[in-house]
Structure formats: C-alpha cells, structure tokens
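Protein chains in written order, with this note's numbering: chain R, 52 to 242; chain S, 52 to 242.
Even glycine gets a Cβ: it sits at the ideal position worked out from N, Cα and C.
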DNA sequence: GCTACACTATGACGACTGTTATAAACAAGG
DNA sequence: CCTTGTTTATAACAGTCGTCATAGTGTAGC
C-alpha cells in the first residue's frame with residue numbers, strides 16, 4: 052500500500068520545505084521525519100542523495116502548477132494568468148508569507164559541483180515549461196510570436212519576483228500591483 | 052588604518068557570498084577568511100552575530116544599487132530602468148550566472164525566530180526603497196500616482212524574477228525579454 | 001613608564017549536516 | 001518452511017555550523 056506512497060510523501064514534503072526554507076536549510080533528516088519515513092529509506096528511494104530528491108521535488112512542484120495552468124489556460128490567456136497569480140497568492144497567505152516557490156528557491160543558491168547542477172537544470176526546465184504554456188496560449192489568441200514569448204517570460208518573472216517581495220514585506224500588495232499591470236497588459240494584447 | 056576597513060570588507064564580502072550561495076550556505080568562517088579577517092573579529096564588529104552581518108550586507112547592497120539608481124533616474128525613468136536592468140545583467144554575465152541579488156536571496160529563506168526577522172525587514176526596506184525611487188521618478192514625469200506605484204513594483208519584481216530565471220537557465224534571454232517589455236511600458240507611460 | 005582600550009589569536013562547546021554500513025524485519029513466491 | 005528481495009532500524013563517519021571564552025597583541029593617551 053505505502054510502497055511508493057512513502058516516496059511521494061518524501062518528494063512532496065521536500066518541495067514544501069524547500070519553498071519555505073530554501074534548499075540548503077532543508078535537511079534530509081527533517082524531510083524524512085516530516086514524511087514519517089525512516090532516514091535510511093531515503094537513500095533507498097533516492098540513491099542519488101539529496102540532489103536527486105531536490106530535483107524531483109522541483110519537478111513535482113513544476114508539474115503540479117503546470118497542470119493547473121493548462122486547465123485554466125483553456126479558457127484563455129487572461130484566465131490562465133489570473134489562476135497563476137491566484138495560486139501564488141494562496142501560497143503566501145496560507146503560509147502567513149512563510150512559503151514561496153521552491154523553483155525560485157533552488158535557483159538562487161549556487162551550484163558549485165555537478166550535483167546541484169541537476170537541480171538547477173530541473174528548475175530551468177520548469178520555468179521554461181510555464182513560459183511555453185503561456186506563450187502558446189497567447190499565440191493561439193492572435194499575439195505575434197516574439198511578443199508572446201516576451202509577455203510569457205515577463206509574467207513568470209514578475210510573478211516569481213512579486214512572491215519574493217511579498218515574503219519580504221509580509222504583504223500581498225506587491226503581488227496585487229503586479230497582477231493589475233499584467234492583466235491589463237495581456238488583455239490589451241490578446242483581448 | 053584598517054580600523055573600520057575590515058568591517059566594510061566583511062559586509063561587502065558577506066553580500067557577495069549571499070548573492071551567490073544564499074544566506075544559509077554563507078558561513079561566517081568563510082566570510083571572515085574571504086575578507087582576510089580573523090573569525091574572532093567578526094563578533095567584535097558584529098555582536099549581533101550572523102543576523103546582524105547579514106542585515107548590514109542586505110542594506111549595503113541596497114544602498115549601492117540605490118545610489119546608482121538615483122543617479123540614472125535624474126535623466127528620466129526610462130534611463131533609470133535601463134541602468135537598473137543593465138546592472139543585473141552585468142552581475143549575471145560577470146559571474147557566469149552564479150551570482151544574483153542578495154536581497155532576493157534572503158527573502159526566500161524562512162525566518163523562524165526573531166533573529167532572521169531583522170534580515171527580512173532589511174530586505175523589505177531595500178525593495179521598498181527601490182520602488183519608491185522609481186515611482187517618484189514616474190510621477191515627476193506625469194504618471195498618475197496609482198499607475199506609478201504599480202509600474203514601479205512591476206519593474207522591481209520582474210527584474211528580480213528575471214535574474215533568477217537567468218541563473219536557472221544560464222542565459223540572459225529572460226532578462227532581455229523582460230527588458231524589452233518593461234521599456235516599452237515605461238516609454239508609453241512617461242514618454 | 002603605564003594604563004586603557006581596540007583588536008587578534010586560538011580553541012573549544014554542542015548541535016547539526018550528508019552519507020554509508022550493517023543487521024534486523026518484513027513481504028511474497030515456490 | 002524457506003528463500004529472495006524490498007524496506008526499516010540503528011549507529012556511526014567525518015565534517016561544518018554559530019557562538020562563546022580566554023589569553024594575547026597592539027596602539028594611543030597620560
């Protein structure tokens with residue numbers, strides 16, 4: 052029953068801890084404890100050690116958001132944008148501004164050896180995936196190729212940055228301001 | 052001679068290490084070594100320990116950027132924007148995408164106790180300072196109050212987020228795309 | 001000279017880290 | 001029953017962390 056269930060709990064728990072504390076402050080011991088899993092099992096499920104667990108956590112978070120984004124983008128790019136920003140808003144207020152995006156978190160801690168390069172590569176793929184989803188939706192609604200790419204990157208970058216600003220200021224004001232500007236931008240381009 | 056010089060080296064070195072590795076991975080021992088300062092001296096200059104050193108490093112980085120921003124904003128908001136983005140671009144390429152913004156770095160690592168709350172508060176003040184500088188410049192060029200604030204927040208959030216995207220993807224493409232969109236936005240609003 | 005004070009040097013403390021090894025428990029298949 | 005393989009339990013490793021204490025060096029003022 053709990054065969055691969057413990058594994059999933061480990062990945063989800065790692066993603067949750069990373070988005071709060073960052074990668075370096077997330078210890079395998081605490082992830083295991085939080086997932087009610089023995090420490091020894093961690094290296095059984097993830098022979099690659101911490102970097103493998105972290106990379107899977109990043110991909111897990113990326114796919115979770117990506118799935119939700121795909122569903123909402125079906126109703127148009129502006130609806131996708133609104134859902135994207137609403138999701139981050141919930142993460143912020145639901146954690147009292149203590150949690151953010153795990154993908155961003157791993158992107159701002161250096162990758163000295165080849166170990167963490169795998170994590171960084173996973174993060175890059177997640178960001179690129181979100182951008183591609185948004186850009187495709189914009190193109191489907193008549194936005195030119197170059198403008199669609201630029202707008203998609205702007206949305207992802209501004210949302211990620213705004214989440215960080217909100218955590219620092221412990222307020223949703225930055226995210227709300229960014230939401231207002233992005234929404235009018237996308238409405239003008241694809242409306 | 053080196054009275055308060057060693058102190059400044061410690062702060063600047065801490066800022067440099069934080070923007071590369073993040074706060075948790077930046078150890079006082081390495082900061083001291085990198086600044087050619089004995090470890091014991093660190094607690095002489097910073098009785099508040101790591102949190103005080105980190106908070107001063109965040110303020111140091113904030114003031115350095117803020118001074119440059121003030122100078123370029125004198126020529127108008129679009130010139131300020133260009134200089135702001137160019138600065139981050141230099142940080143990225145000059146470090147081969149290994150360095151980013153120390154203020155963002157400390158903002159995405161949880162603050163459990165009251166210690167790190169001081170660091171987070173410093174980061175919030177820095178972000179707010181940059182936003183205020185940009186918003187004031189926009190207002191001086193005829194942009195309405197609300198729109199100026201929204202645009203200023205968008206610029207800071209998008210720039211910070213774009214720097215993180217660039218680090219993950221090891222490319223300046225995200226920052227360049229964001230730059231193109233922001234520039235046309237500010238030109239339309241304050242041109 | 002000598003006292004006062006800013007700084008350095010050195011070493012230790014308890015706690016935590018990622019990782020590995022080894023032995024025990026457990027399930028399923030024959 | 002017994003064997004095979006997956007999962008757990010426990011302990012240990014070498015290293016680093018933030019922090020503190022103590023003794024020593026210097027240098028400036030009287």
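- In the three-state reduction of the DSSP assignment, residue 152(S) falls in the coil class.
- Taking a 10 Å sphere around the C-beta of residue 90(R), we find fewer than 16 other C-beta atoms and assign the residue as exposed.
- Listed along the chain, the chain S residues whose CB falls inside 7 Å of the CB of residue 213(R) are 208.
- Shown in chain order are the members of the region 138 to 163 of chain S whose Cβ falls below 7 Å from a Cβ of chain R: 149, 151, 155, 156, 158, 159, 160, 161.
- The Cβ atoms of residue 70(S) and residue 174(S) lie no closer than 8 Å to each other.
- Selection 230(R), 156(R), 147(R) evaluated against residue 72(S) yields 156(R) as nearest (Cα-Cα).
- Residue 100(S) and residue 123(R) have their alpha carbons spaced roughly 47 Å apart.
- Per DSSP, reduced to three states, the secondary structure at residue 111(R) is helical.
- With 16 or more neighbouring CB atoms inside 10 Å of its own CB, residue 105(R) falls in the buried class.
- Your pair residue 192(S) and residue 127(S) checks out as a contact, with CB atoms roughly 7 Å apart and the cut at 8 Å.
- Counting along the chain, the unbroken alpha helix (DSSP H) around residue 183(S) starts and ends at 165 to 191.
- In this structure residue 221(S) touches residue 148(S) by the C-beta definition: roughly 5 Å separates them, less than 8 Å.
- Short of 7 Å from the beta carbon of residue 204(R), and not among the five residues preceding or following it, lie these beta carbons of its own chain, in chain order: 182.
- Ranking 235(S), 107(S), 136(S) by CA distance to the CA of residue 225(S) puts 136(S) first.
- In terms of CA proximity to residue 202(S), 209(R) leads the group 209(R), 65(R), 197(R).
- At a cut-off of 8 Å between beta carbons, residue 114(S) makes no contact with chain R.
- A straight-line Cα-Cα distance of about 30 Å links residue 120(R) and residue 132(S).
- In the three-state reduction of the DSSP assignment, residue 116(S) falls in the helix class.
- Within chain S, no residue has its CB atom less than 7 Å from the CB of residue 81(R), the nearest being about 12 Å off.
- Within chain S, the residues whose beta carbon sits less than 7 Å from that of residue 225(R) are 204, 208, listed in sequence order.
- With distances taken between CA atoms, residue 60(S) lies nearest to 107(S) out of 76(S), 107(S), 98(S).
- Neighbours of residue 179(S) in chain R, taken as residues at a C-beta separation under 8 Å, are given in chain order as 220.
- Distances from the CA of residue 166(S) to each of 242(S), 74(S), 240(S), 92(S) were compared; the closest alpha carbon is that of 74(S).
- CA-to-CA, the gap between residue 78(R) and residue 68(R) works out to about 9 Å.
- The continuous alpha helix (DSSP H) containing residue 212(R) extends over residues 196 to 220.
- Not one beta carbon of chain R lies nearer than 8 Å to the beta carbon of residue 62(S).
- Neighbourhood of residue 76(S) in chain R, by CB distance below 9 Å: 73, 74, 75, 76, 160, 161, in chain order.
- Taking a beta-carbon distance threshold of 8 Å, residue 216(S) counts as an interface residue toward chain R.
- Sorting 57(S), 66(S), 185(S) by C-alpha distance to the C-alpha of residue 237(S) places 185(S) at the top.
- Just measuring C-alpha positions, the residue of 242(S), 114(S), 125(S), 88(S) sitting nearest residue 194(S) is 242(S).
- The CB of residue 129(R) never comes closer than 7 Å to any CB in chain S; the least such distance is about 16 Å.
- Listed along chain S is no residue with a C-beta nearer than 8 Å to that of residue 189(R); the closest approach is about 12 Å.
- Annotation for residue 97(S): no alpha helix (DSSP H) segment contains it, and DSSP assigns it neither H nor E.
- In the three-state scheme derived from DSSP, where H, G and I count as helix and E and B as strand, residue 89(R) is classed as coil.
- Residue contact with chain R for residue 241(S): absent (no Cβ-Cβ distance below 8 Å to any residue of chain R).
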